[in-house]
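Only one structure is covered here, and it is reproduced in the block below.
Protein chains: 2
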Amino acid sequence: MIDDENLESTEAEARAVESRAEAFIGVREARRSEVAEDYVELIAELIHENGEARPVDISARMGVTAPTVAKTLGRLARDGLITRAKYRSVFLTEEGRALAKECRHRHEIVLRFLLSLGLDPETAERDAEGIEHHVSERTLALFAAFAQRS
Amino acid sequence: MIDDENLESTEAEARAVESRAEAFIGVREARRSEVAEDYVELIAELIHENGEARPVDISARMGVTAPTVAKTLGRLARDGLITRAKYRSVFLTEEGRALAKECRHRHEIVLRFLLSLGLDPETAERDAEGIEHHVSERTLALFAAFAQRS
DNA sequence: GATGATTATTAGCCTATGCTAACTTTTTGC
DNA sequence: GCAAAAAGTTAGCATAGGCTAATAATCATC
Ligand SMILES: [Mn+2]
Ligand SMILES: [Mn+2]
Ligand SMILES: [Mn+2]
Ligand SMILES: [Mn+2]
Chain A
265 MIDDENLEST EAEARAVESR AEAFIGVREA RRSEVAEDYV ELIAELIHEN GEARPVDISA
325 RMGVTAPTVA KTLGRLARDG LITRAKYRSV FLTEEGRALA KECRHRHEIV LRFLLSLGLD
385 PETAERDAEG IEHHVSERTL ALFAAFAQRS
Chain B
265 MIDDENLEST EAEARAVESR AEAFIGVREA RRSEVAEDYV ELIAELIHEN GEARPVDISA
325 RMGVTAPTVA KTLGRLARDG LITRAKYRSV FLTEEGRALA KECRHRHEIV LRFLLSLGLD
385 PETAERDAEG IEHHVSERTL ALFAAFAQRS
């Protein structure tokens, strides 16, 4: 530590680099559950509305093909979020229901927040669908408080 | 259209399904550029601060290994966002600089918005890093206005 | 209950994004 | 200017999440 004018030699710099990396690592972590979250949320909704969640309905709403849905459902089943039988509708496990509820809650808050900011419903829905997966508990609380207040 | 009590038979229902799918399709579209956006933004910053962007510095800040950086840089070069020579630092193309500027702008606005909501800097930085890729022009404008006002 | 339409699955392909291990090149410090 | 350290590359592997084409099962209707 002779020359402190060096690029990248301070402790402070090292800590800044570290915390930056942690942010990116956190975002990548969140990314890994995005698809699962959207699926369980949608499946819960379909079950609530129709009594069952059929792949064809998931496919239409997610805007992906049937084989893509099948493969994704395979991962959800492997991860213990749904149960399914061949050629049958899918259902949520206890864990899947819990995740769905949490996702619906977050989605609702983000959506209401965007609407309360004055965004049009179409855009709000679209943005909420992406933003919801990247909102921390703290931010969510602030969003909820803001929407409440206004 | 004899029995309108059918599940999923109304025009309105069809339109709702369609627009839901469009939201998801849009989110997937945005997802495809997330990594490229983060890289060019970081590269621009490193060039600004150090005069060059070295893979090792990108690696440390992104929290990924060197080979991952190398592969990603290959895609960025292929897509015309950067130029590079073997064993040398990378530089942005005109297009890369334009994208970086746009990303930095969005990042700044989202970050300032979160801070102005009362979020702590650490969490704000973390959330901004994820949210920035899923904010429409309209929402960005509302965020900017809000941060300004408060 | 046969049959045509709808729905679901499987196989096989692709790209992006991560990793480790092994190797090469460049930089640094005597 | 040489040796060791640091940085960069390459090869090879894995998983997620898309797709199309082909096949199979279920459902609806007569
Ligand atoms: Mn979503
Ligand atoms: Mn959602
Ligand atoms: Mn980001
Ligand atoms: Mn950013």
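Residue numbers (the working numbering), protein chains in the order written: chain A, 265 to 414; chain B, 265 to 414. Yeah, the Cβ is synthetic: ideal placement off N, Cα and C, and Gly gets one too.
Under three-state DSSP, which class holds residue 317/A?
The DSSP-derived three-state label of residue 317/A is strand.
At a threshold of 7 Å, does residue 371/A count as lining ligand 2 (C-beta to nearest heavy atom)?
yes
Report the three-state DSSP secondary structure of residue 299/B (helix, strand or coil).
In this structure, residue 299/B counts as helix in the three-state DSSP scheme.
Going along chain A, which residues have a C-beta under 7 Å from residue 425/B?
Residue 425/B is absent from the model: chain B starts at 265 and stops at 414.
Less than 8 Å between CB atoms is the rule here; does residue 366/B satisfy it with respect to chain A?
No - not a single Cβ of chain A is within 8 Å of the one on residue 366/B.
Residue 332/B by DSSP, collapsed to three states: which one?
helix
Taking beta-carbon pairs under 7 Å, can you tell me which members of the segment 389–404 of chain B lie near chain A?
389, 390, 391, 393, 394, 395, 398, 399, 400, 402 and 403
Would you call the CB atoms of residue 355/A and residue 311/A closer than 8 Å?
It is a contact, given that the beta carbons lie within the stated cut-off.
Please compile the residues from chain A whose C-beta is within a distance smaller than 7 Å of the C-beta of residue 325/B.
281, 284 and 285
Could you round the C-beta distance between residue 393/A and residue 287/B to whole angstroms and report it? I think they count as a contact, below 8 Å.
5 Å
Give me the residue from 343/B, 319/B, 344/B and 341/B with the minimum Cα distance to residue 332/B.
319/B
Taking residue 408/A as the reference, give the member of 330/A, 307/A, 398/A and 375/A with the closest Cα.
375/A
When you compare each of 328/A, 303/A and 329/A to residue 317/A by their alpha carbons, which one comes out closest?
303/A
If residue 345/A and residue 360/A are in contact, beta carbons under 8 Å, what's the gap, nearest whole angstrom?
4 Å
Keeping to the same chain, check which residues put their C-beta closer than 7 Å to that of residue 368/B; ignore five residues upstream and five downstream.
305 and 308
In its own chain, which residues sit with a C-beta less than 7 Å from the C-beta of residue 389/A, not counting the 5 before and 5 after it?
375
Could you check whether the Cβ of residue 305/A sits closer than 7 Å to any heavy atom belonging to ligand 3?
no
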